[in-house]
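Residue numbers (the working numbering): 259 to 605.
Ideal Cβ placement from N, Cα and C applies to all residues, glycine included.
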Amino acid sequence: SLLLSPDGDVSSAVAQLAASPSTYLEKMAAILLVFACSEGPVKSKLYQEKALGLFLAALKGTRGHVLCMLLTAIRRLSLEPDALDPLMAVGGMTTLVPLLDDSRRAAVGAEELEEVTNAEVLQIVDALCKLDKSRQEAAAQAGLVGHLCRFAAPEAPSAQLRNLALPMLLAMAHSGRRAKNELWKHGGFRIFFSLLREKLWQVPALDSLSSWTITDGRVEDYLLHQGRLHELRELLEQDDNLVCLLQPLTNMCIRCPRVNIALGNAGLLVTITQRLGYPDAAVRLTLLRLLRSIYEQALNPKHMVSYYGLEGHLKKLAEGGEGGRQMVLVSKSAQNLLQAIHINTVL
């Protein structure tokens with residue numbers, strides 16, 4: 259297949275077409291692509307609203323190689339921060355997102371160019387949406403989430419498109435209500451959860467899942483399945499990414515009492531007590547924070563302390579304040595939790 263070059267610049271197929279255009283339309287598109295790849299005043303003229311509007315209008319009636327060259331030119335322009343507002347103002351999102359539709363495959367003109375076309379559109383939309391929740395909401399309204407879910411599914415045939423789609427899809431979980439509703443509609447929660455089994459994606463996936471769960475009871479209900487609770491617990495049994503995985507899981511437990519209690523009943527406390535001896539002080543501190551949240555929301559905290567022998571584990575940490583400032587913080591955190599347990603025992 260014809261893929262983007264490793265450096266993320268113009269694909270070899272598009273570069274070849276731009277170098278030797280044969281038809282009038284190809285020659286015009288090649289000239290625009292050359293201008294878009296240039297620097298200085300020539301390029302700046304192209305990302306004014308009038309010029310961008312003409313670009314987008316041309317996309318609607320274009321196919322094949324010409325479409326790829328025009329999209330590559332727009333993608334090059336989208337690398338300029340000053341081009342993003344004008345591109346949105348002339349309807350960039352509502353023009354570009356429909357190009358990802360399967361039903362437009364015939365309009366591409368050559369099946370082997372479809373991946374190039376989709377990759378260019380995804381990169382342009384990513385540039386528009388990055389760090390801008392209002393644009394993410396506009397993209398969701400334009401139908402982007404369904405396409406992202408299709409490209410990001412574990413069984414998706416294109417690794418390149420999947421790698422482009424996943425960061426955008428995960429960012430939608432931190433966006434507004436419309437984006438989250440679209441995520442739910444297209445089964446984004448299942449994709450997020452499947453990513454927990456992939457080392458490369460499990461940290462951002464858990465972070466997005468945590469953020470989404472905190473604000474959406476439907477996702478919380480989904481996570482309460484016994485098998486999924488065990489998978490969440492098993493994340494803490496690995497050494498890879500442990501400190502990065504602990505933070506979003508802890509935030510989820512603090513903000514979602516039902517998940518907190520369910521994870522406690524699913525064996526998370528056993529895993530926590532086993533991991534309290536982990537040499538990294540940051541891991542110990544976060545484990546203690548997680549342990550405190552489970553203790554404070556437990557239905558029967560006294561029974562929990564007795565059943566899991568928590569006082570013994572905490573005393574070891576409270577007495578081990580040597581080894582630097584962070585270990586002192588671990589010791590103080592353990593002492594504070596022990597004090598809370600003792601007060602609760604007396605009461």
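Problem set entry | CA nearest to the CA of residue 509, picked from 466, 480, 589 | 466
Exercise. Would you say residue 595 and residue 533 are within 8 angstroms of each other, going by their C-beta atoms?
Worked result: no
Exercise. Residue ranges of each alpha helix (DSSP H) run of no fewer than 4 residues wholly in the segment 338-419, ordered along the chain?
Worked result: 339-347, 350-354, 363-366, 372-387, 391-399, 402-410
Exercise. Along the chain, where does the alpha helix (DSSP H) that runs through residue 439 open and close?
Worked result: 435-443
For this session: Report the three-state DSSP secondary structure of residue 603 (helix, strand or coil).
Result: helix
Problem set entry | Uninterrupted alpha helix (DSSP H) stretches inside the segment 443-492 (no shorter than 4 residues) | 446-453, 460-473, 475-481
Exercise. Are the beta-carbon atoms belonging to residue 410 and residue 427 less than 8 angstroms from one another?
Worked result: yes
Problem set entry | Identity of the residue in 515, 476, 500, 455 nearest residue 435 by Cα | 476
Exercise. So, residue 383 versus residue 348, is the Cβ gap smaller than 8 angstroms?
Worked result: no
Exercise. If you drop the 5 nearest sequence neighbours on each side, which residues of the same chain put their C-beta closer than 8 angstroms to that of residue 538?
Worked result: 500, 501
For this session: Return the Cβ separation of residue 503 and residue 464 in integer angstroms, given the expectation that the two are a contact with Cβ distance under 8 angstroms.
Result: 6 angstroms
For this session: Report the three-state DSSP secondary structure of residue 326 (helix, strand or coil).
Result: helix
Problem set entry | Rounded separation between residue 522 and residue 556 - CA only | 8 angstroms
Exercise. To the nearest angstrom, how far is it from the Cα of residue 498 to the Cα of residue 404?
Worked result: 31 angstroms
For this session: Starting from the Cα of residue 531, find the closest Cα among 517, 563, 511, 515 and give me that residue.
Result: 563
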